[in-house]
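The structure appears below as structure tokens.
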Amino acid sequence: MQKVLILDFGGQYNQLIARRVRELNVYCEVHPHDMPLEEIRRFDPIGLIFTGGPGSVYLPDAPKVDPGVFALGVPILGICYGCQLMAQMLGGRVTAAQDDSAREYGKTPTVFDESCALFTGIGGESVTWMSHGDYMAAIPTGFVLAAHSAACPTAAICDAARGFYGVQFHPEVDHTERGRDMLRNFLYGICRAAGDWTMADYKTQAIEAIRAKVGNGRALLALSGGVDSSVAAALMSEAIGEGLVCVFVDHGLMRKNEGDEVEAVFSKRALNFRRVNAEDRFLSRLAGIEEPEKKRKIIGEEFVRVFEEVAHEVGAVDFLVQGTIYPDVIESGKGEAAVIKSHHNVGGLPDCVDFREIIEPLRMLFKDEVRQLGRELGLPEALISRQPFPGPGLAIRVIGEITKEKLDLLREADAIFREEMARAGLDRTANQYFAALTNMRSVGVMGDGRSYDYAVALRSVQTGDFMTADFSRLPWELLDRVSVRIVNEVRGVNRVLYDVTSKPPATVEYE
Ligand code: XMP
Numbered sequence: 027m028q029k030v031l032i033l034d035f036g037g038q039y040n041q042l043i044a045r046r047v048r049e050l051n052v053y054c055e056v057h058p059h060d061m062p063l064e065e066i067r068r069f070d071p072i073g074l075i076f077t078g079g080p081g082s083v084y085l086p087d088a089p090k091v092d093p094g095v096f097a098l099g100v101p102i103l104g105i106c107y108g109c110q111l112m113a114q115m116l117g118g119r120v121t122a123a124q125d126d127s128a129r130e131y132g133k134t135p136t137v138f139d140e141s142c143a144l145f146t147g148i149g150g151e152s153v154t155w156m157s158h159g160d161y162m163a164a165i166p167t168g169f170v171l172a173a174h175s176a177a178c179p180t181a182a183i184c185d186a187a188r189g190f191y192g193v194q195f196h197p198e199v200d201h202t203e204r205g206r207d208m209l210r211n212f213l214y215g216i217c218r219a220a221g222d223w224t225m226a227d228y229k230t231q232a233i234e235a236i237r238a239k240v241g242n243g244r245a246l247l248a249l250s251g252g253v254d255s256s257v258a259a260a261l262m263s264e265a266i267g268e269g270l271v272c273v274f275v276d277h278g279l280m281r282k283n284e285g286d287e288v289e290a291v292f293s294k295r296a297l298n299f300r301r302v303n304a305e306d307r308f309l310s311r312l313a314g315i316e317e318p319e320k321k322r323k324i325i326g327e328e329f330v331r332v333f334e335e336v337a338h339e340v341g342a343v344d345f346l347v348q349g350t351i352y353p354d355v356i357e358s359g360k361g362e363a364a365v366i367k368s369h370h371n372v373g374g375l376p377d378c379v380d381f382r383e384i385i386e387p388l389r390m391l392f393k394d395e396v397r398q399l400g401r402e403l404g405l406p407e408a409l410i411s412r413q414p415f416p417g418p419g420l421a422i423r424v425i426g427e428i429t430k431e432k433l434d435l436l437r438e439a440d441a442i443f444r445e446e447m448a449r450a451g452l453d454r455t456a457n458q459y460f461a462a463l464t465n466m467r468s469v470g471v472m473g474d475g476r477s478y479d480y481a482v483a484l485r486s487v488q489t490g491d492f493m494t495a496d497f498s499r500l501p502w503e504l505l506d507r508v509s510v511r512i513v514n515e516v517r518g519v520n521r522v523l524y525d526v527t528s529k530p531p532a533t534v535e536y537e
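Residues in the sequence shown are numbered from 27 upward in steps of one, following our numbering.
Written out as structure tokens, the structure reads:
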């Protein structure tokens, strides 16, 4: 399989570059910019991409690349910082823009020279996304200018003979109108890619590799019903069948019918499936607890305890399967941001089981690829395109103390909201939507009588990365329908609120 190597200089869109390349059916990996030359040779890339980054190439501690990469005979595309670095290392000159007019941030009309192979079919003017304070004051010998904007004569450079291309803007973001076409030109026109990265092939190769590794051994997997662990389970079961033991801990904090749906999918497949109904255990440990972080901690601990007990019954296993995906791999090793909430992911439990080795069959895949693989493996669409659901489940959507009654009430309200969202076709556009049970009761009038019942909050957000989110502008008619249905159909609720807060300052979940 052909590979493109992306060298990471710390830019914020680096993962996006990799996703775009993969979407174009070319396999790529992201590695640190200081990857040793020998390793780069062994990687044997058909092309290199230098990413953007926050640094300035002329500063003493600026991240660099081994100069030997320019002698590998492999095409290189430098993006923003990566472009400036290439220019500087090959004899050009990069400086800080002296006056504000030479700095460019945001959507910028840019004119392209179609004779440059990067811009084949993209001549004329179109919008690019610029974000740079430095610029190339002099380009290296052998290069020609291939694009310009009003403020910047050096928006793109190319040296066709050596296969070196650089762009000041970011072709990987949607704001660059023809960005995907430029990446396609680089991969197919310049690197001569064959487009041999498909999920059907990956599935075949992954299954062979798992079989070769596991042989007749046994592997244990904690199945949560989420996309990653479900796809990992389906892949492993295709590879080793009954050798796979899947443990599904039902903590009683799932949405309506969710536990049964997971069981229905996996109990049909060739694998050793165990569902543990642990609702009572979780609820009794959570009784009386109001503090969100304490709830999360208890759920995490209890989960490990239940899993440990089942693992002991199962006996020694050779492998523990984890649903780690590529963004986790790329991000690990970077500084940790402030802990706003201690996330609990039902999944990784390496300390509590007697096993020889960890298998991470999805560790090189992005989320969209995991979904694609799930389709190849015949998992139902409802499971594959499932919206994110937090590990602690409904526990962090029942504000304050958790009881079975409150959970049941919330499950009903949430199911109504989800059903109506789907009926309105909005389940495809909203990125996450759910009901939460506020800890507030208020006075209402039902029939001729007074009620004093709970208020349910509806939350729906638009987001790409879940780091920031905007509330969905849902139609009034839909909100009206959901509100009427919830108050009529769910006993104990007499008020429905819609959450119009974005993140920040709020978070997506309530606790
Ligand atoms: P917040 O509430 O932090 O949520 O804005 C951002 C995204 O993360 C999900 N989330 C979790 N996922 N374990 C998870 O696996 C957790 O403990 C957890 N807490 C929040 C949340 O649903 C949203 O998609």
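Don't be surprised by glycine CBs; every beta carbon is placed ideally from N, CA and C.
Contact test: P89 Cβ vs ligand 1 heavy atom, cutoff 7 Å: no
Cβ-Cβ distance between D440 and A461 below 8 Å: yes
V534 beta carbon near ligand 1 (any heavy atom closer than 7 Å): yes
Cα-Cα separation between Y480 and Y459, rounded to whole angstroms: 20 Å
As assigned by DSSP and simplified to three states, the class of I384: strand
Within 8 Å, strictly: CB atoms of S498 and Q488: yes
Short Cβ contact (8 Å threshold) for Q124 with V83: no
Reference A12, options N211, F35, R311, closest by Cα: Absent from the model: residue 12. The displayed extent of the chain is 27 to 537, so no value can be given.
Minimum C-alpha distance to A182 - residue among Q194, R188, A176, F190: Q194
Bridge-paired residues (DSSP) for H158: E130
Span separating the alpha-carbon of F415 from that of E319: 17 Å
Continuous beta strand (DSSP E) stretch holding D276: start and end: 270 to 276
Start-to-end residues for the beta strand (DSSP E) that takes in T121: 119 to 122
Complete runs of the beta strand (DSSP E) confined to the stretch 199 to 251 [at least 3 residues]: 245 to 248
Environment of K294 [buried if 16+ CB atoms lie within 10 Å]: exposed
Helix, strand or coil at F76 according to DSSP, with G and I counted as helix: strand
Whether A450 touches L504 by CB criterion (8 Å): yes
Check: F492 C-beta below 7 Å from any heavy atom of ligand 1: yes
R281 CB to nearest heavy atom of ligand 1 below 7 Å: no
Beta-carbon separation (whole angstroms), V271 vs L246, contact threshold 8 Å: 5 Å
Buried versus exposed, by CB contacts within 10 Å (16 or more), A97: exposed
Candidates N303, S263, S255: closest to G278 by CA position: N303
Cβ-heavy atom distance, R322 to ligand 1, below 7 Å: yes
Cβ-heavy atom distance, G251 to ligand 1, below 7 Å: no
Cβ separation of L388 and D200, assumed to be a contact under 8 Å, to the nearest whole Å: Contact doesn't hold; Cβ gap of about 25 Å is too wide.
Within 8 Å, strictly: CB atoms of G73 and C217: yes
Assigned exposure category for N242 - 16 Cβ within 10 Å defines buried: exposed
G349 Cβ short of 7 Å to ligand 1 heavy atom set: no
Whole-angstrom distance between G205 and R46, CA atom to CA atom: 10 Å
Cβ-heavy atom distance, Q458 to ligand 1, below 7 Å: yes
Alpha-carbon to alpha-carbon, L103 and M208: 10 Å
N371 versus G168 - alpha carbon distance: Note that N371 has pLDDT 47, beneath the 50 cutoff, so the model's placement of it is unreliable and no number is given.
Buried versus exposed call for W155 [16 or more other C-beta atoms within 10 Å across all chains shown]: buried
C-alpha gap between L144 and E438, whole angstroms: 54 Å
Beta-bridge pairing of F69 - partner residues as DSSP gives them: BP columns for F69 are empty, so no partner.
Cβ-Cβ distance between F333 and R382 below 8 Å: no
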